[in-house]
Amino acid sequence: MPITYPTGAVEEHLITRRSVGLFDIDHMGQFEISGEGADEFVASIVSAKVSDLAAPMARYSLLLDEGGKVLDDLFIYRLPASWWIVVNASNRESDYAWFSSRKTEGVTLVDRSDDTYMIAVQGPRAVELLDLVSSGAVSAIPRFCWGNIHIAGIPVLFGRTGYTGEDGGELFFPATEVLRVWNYLLEAGLQSGIETAPIGLAARDSLRFEAGMPLHGHEISPEINALEAGFKWACDFSKEFIGKTALLAVSEQGLARKLVGLDVQGGVPREGYEIVCETGRVVGHCVAGMFCPTVKKYAANAFVEISFATPGATLSVLIRGQPKPATVVKRPLYIPAYRRTTN
Amino acid sequence: MSIDQKARYAASHEYARAEGSVVVVGISDHAQAELGDIVFVELPTVGKKIAKGQTFGTVESVKAASDLYMPVGGIVAEINESLQADPALVNREPYSSGWMIKVTPSDLSELDLLLDAAAYGKSIGEV
Numbered sequence: 001m002p003i004t005y006p007t008g009a010v011e012e013h014l015i016t017r018r019s020v021g022l023f024d025i026d027h028m029g030q031f032e033i034s035g036e037g038a039d040e041f042v043a044s045i046v047s048a049k050v051s052d053l054a055a056p057m058a059r060y061s062l063l064l065d066e067g068g069k070v071l072d073d074l075f076i077y078r079l080p081a082s083w084w085i086v087v088n089a090s091n092r093e094s095d096y097a098w099f100s101s102r103k104t105e106g107v108t109l110v111d112r113s114d115d116t117y118m119i120a121v122q123g124p125r126a127v128e129l130l131d132l133v134s135s136g137a138v139s140a141i142p143r144f145c146w147g148n149i150h151i152a153g154i155p156v157l158f159g160r161t162g163y164t165g166e167d168g169g170e171l172f173f174p175a176t177e178v179l180r181v182w183n184y185l186l187e188a189g190l191q192s193g194i195e196t197a198p199i200g201l202a203a204r205d206s207l208r209f210e211a212g213m214p215l216h217g218h219e220i221s222p223e224i225n226a227l228e229a230g231f232k233w234a235c236d237f238s239k240e241f242i243g244k245t246a247l248l249a250v251s252e253q254g255l256a257r258k259l260v261g262l263d264v265q266g267g268v269p270r271e272g273y274e275i276v277c278e279t280g281r282v283v284g285h286c287v288a289g290m291f292c293p294t295v296k297k298y299a300a301n302a303f304v305e306i307s308f309a310t311p312g313a314t315l316s317v318l319i320r321g322q323p324k325p326a327t328v329v330k331r332p333l334y335i336p337a338y339r340r341t342t343n
Numbered sequence: 001m002s003i004d005q006k007a008r009y010a011a012s013h014e015y016a017r018a019e020g021s022v023v024v025v026g027i028s029d030h031a032q033a034e035l036g037d038i039v040f041v042e043l044p045t046v047g048k049k050i051a052k053g054q055t056f057g058t059v060e061s062v063k064a065a066s067d068l069y070m071p072v073g074g075i076v077a078e079i080n081e082s083l084q085a086d087p088a089l090v091n092r093e094p095y096s097s098g099w100m101i102k103v104t105p106s107d108l109s110e111l112d113l114l115l116d117a118a119a120y121g122k123s124i125g126e127v
């Protein structure tokens, strides 16, 4: 996936928010877990509640270490006889080793990544486009559920999930069929007059950023615990899971720092830039920052000392040595489609 | 790549075009294409005196921030306020509506030290 296609990062972002963007995200990993004790194993190793997950449901979760720090974030699809777990490309190997070293007797873990191609189709007209190529099967699949569909005669596992804040889905199909599926979708867009374009990594980043979704290595990482990153909601404290004890201790002590959104004036905040308070003392740092094409702001996600982590708090971000005003704001900047009651 | 024939160019891709008593300064079409989508332009305050070769601002694209260097020295007479709300003007029309600053030059002969359009074109590999 390139940083941008010739279209350019800003326009690719805008196309996704107004029509349909296609994302070649084959770099992501997919594991399949099955066998005796698989349900208990999965429940014990991921942070989210999964005991109530039945086919065709899917759910977001974190993968934590014993310290409650974030090894990865995952999407878990409950298939009829197995668990389909989508992991970040950069963590595929380490996640596999983590699952492998902890799986109980009887559990089968298979890395399906090489045989599986993954693409995403996102945007307010994505379902319209997908319905055209799937004989109307996609609109019948509820948000956070999956279904088996066919595109160009090819069997596709379709999840009504995504990383942009728009409707649409993520598609899993045999890797050998990528060109047929990709081109079929582009052609369908052309024929139907539904604006459809391939979207690069830069726009993928600005889309997920606006929608308040984390990128591992930035808002979440092995140096960051689930609570300070704001992911209490993705943890099921009614069950035992790796990292639970550590998180309970963190909760008991209180957070020292917290992830916040910053609305910045006068420049582009970027990863690593320091945050200072009125006295000039460094109180945090940015983990991501950029121009947001839809909300038309310069914004950052940053970890700041807890006393400054309140919406309205006025701070400064050092942009190449110069302090620029940065106000703590509520996240997300752009409300994801699935959270909107009206469109 | 388009090259304004009426302008002269620094090796760092800023252009300078004499217009009456001022010199109009911006970045070339080649430069904006290299930078990609421009999302922020930081410009100096009007009245500031900046020497040739010194930085007069910054242009931020999606991927990186780049310093802007005075192709000729002088006093900043005017800055392009439109770039605040629409920095992409620099991408769309680098030589016209995407101009950055207008300078009252200290020494007009500094223009002669810059590359003319043909020489600049050669330097960026234009035939």
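The listed protein sequences correspond, in order, to chains A and B. Position 13 of the first sequence, counting from 1, maps to 13 under the working numbering, and the rest follow consecutively. Position 58 of the second sequence, counting from 1, maps to 58 under the working numbering, and the rest follow consecutively. All C-beta atoms in this analysis are idealised placements derived from N, C-alpha and C, irrespective of residue type, glycine included. Please read these numbers as outputs of a predicted model, since none were measured by experiment.
Could you tell me which uninterrupted alpha helix (DSSP H) segments, each at least 4 residues in length, are contained entirely in the segment 17-65 of chain A, listed from first to last along the chain? 38-45
Counting only the same chain and skipping the five closest in sequence on each side, list residues whose C-beta sits under 7 Å from that of Arg92/A. Gly29, Ser113
Contacts of Tyr184/A in chain B (Cβ-Cβ under 9 Å): Those do not exist, as Tyr184/A stays about 29 Å from chain B at its closest Cβ, beyond 9 Å.
Buried or exposed by the 16-neighbour rule on C-beta atoms within 10 Å, applied to Lys49/B: Exposed, by the Cβ-count rule.
Counting only the same chain and skipping the five closest in sequence on each side, list residues whose C-beta sits under 7 Å from that of Ser318/A. According to the sequence as given, residue 318/A is Leu; it is not Ser. Closer than 7 Å at Cβ, skipping near neighbours: Tyr273, Glu274, Val276.
So what does DSSP say about Ala64/B, is it helix, strand or coil? coil
Taking just the CA atoms, how far does Ser34/A sit from Asp111/A? If you draw a straight line from the Cα of Asp111/A to the Cα of Ser34/A, it is about 12 Å long.
Please list, in chain order, the chain A residues whose beta carbon lies closer than 8 Å to that of Ala77/B. Ordered by position in chain A, no residue passes the 8 Å Cβ test against Ala77/B, which lies about 22 Å from the chain.
Look at the Cβ atom of Val20/A, then the Cβ atom of Arg143/A, and state whether they are nearer than 9 Å. no
By Cβ distance below 7 Å, which residues in the same chain neighbour Ser251/A in space, the five residues on each side in sequence not counted? Leu227
Neighbourhood of Phe231/A by C-beta distance below 7 Å, restricted to the same chain and skipping five residues each side: Leu62
Using a Cβ-Cβ cutoff of 8 Å, what residues of the segment 31-42 of chain B are near chain A? List them in chain order. Gly36, Asp37, Val39, Phe40, Glu42
Residues of chain B with a CB under 7 Å from the CB of Ala356/A: which are they? No answer is possible for residue 356/A: the residues shown for chain A start at 1 and end at 343.
Which residues in chain B have a C-beta closer than 8 Å to the C-beta of Arg18/A? List them in chain order. Residues of chain B passing the Cβ test: none, with the nearest at roughly 17 Å.
For Tyr69/B, three-class secondary structure by DSSP: In the structure shown, Tyr69/B sits in a strand (DSSP, three-state: E or B).
Looking at the C-beta of Thr45/B, does it have a partner C-beta in chain A at a distance below 9 Å? no
If distances are taken between C-alpha atoms only, which option among Asp131/A, Arg270/A, Ser316/A comes closest to Ile194/A? With distances taken between Cα atoms, Ile194/A lies closest to Asp131/A.
In whole angstroms, what separates the C-alpha of Ile27/B from that of Ala229/A? 41 Å
Tell me the rounded alpha-carbon separation between Tyr120/B and Phe308/A. 51 Å
Report the rounded CA-to-CA distance for Tyr5/A versus Ser61/B, giving the unit in angstroms. 15 Å
Ordered list of beta strand (DSSP E) runs contained in the segment 236-279 of chain A, each at least 3 residues: Listed in chain order, they are 257-264, 274-276.
With H, G and I counted as helix, E and B as strand and the rest as coil, what does DSSP make of Gln191/A? helix
Counting only beta-carbon atoms, is Thr58/B nearer than 9 Å to chain A? For Thr58/B, at least one C-beta of chain A is nearer than 9 Å to its own C-beta.
List the DSSP bridge partners of His285/A. Glu274/A, Phe303/A
State the DSSP-derived secondary structure class of Ser134/A, mapped to helix, strand or coil. coil
So Gly284/A packs on Arg331/A, CB below 8 Å; how close in whole Å? Contact flag wrong, Cβ pair sits at about 15 Å.
From Ile154/A, Gly189/A, Ile220/A, residue whose alpha carbon lies closest to that of Lys69/A: Ile220/A
Can you list, in chain order, the residues of its chain with a C-beta nearer than 8 Å to that of Val282/A? Leave out the 5 residues immediately preceding and following it. Glu274, Ile275, Val276
Specify the secondary structure class of Lys324/A as computed by DSSP and reduced to three states. Note: Lys324/A maps to strand in three-state DSSP.
Should Met100/B be counted as a contact of the ligand MN given a C-beta to heavy atom distance under 8 Å? Although the ligand MN was asked about, the structure shown includes no ligands whatsoever.
Here's the rule: buried if 16 or more other CB atoms are within 10 angstroms of the residue's CB, otherwise exposed. What is Asn207/B? The requested residue 207/B does not occur in the structure, where chain B is confined to residues 1 to 127.
For Ser123/B, tell me which candidate among Lys6/B, His13/B, Ala85/B, Gln5/B has the shortest Cα-Cα distance. Checking every option, the nearest Cα to that of Ser123/B belongs to His13/B.
Indicate whether at least one CB of chain A lies closer than 9 Å to the CB of Ala51/B. Closer than 9 Å: no.
From the beta carbon of Ala88/B, is the nearest beta carbon of chain A less than 9 Å away? yes
Relative to chain B, which residues along the segment 252-283 of chain A have a C-beta separation below 9 Å, given in chain order? Gly266, Gly267, Val268, Arg270
When burial is assigned at 16 or more other CB atoms within 10 Å of the CB, is Thr16/A buried or exposed? buried
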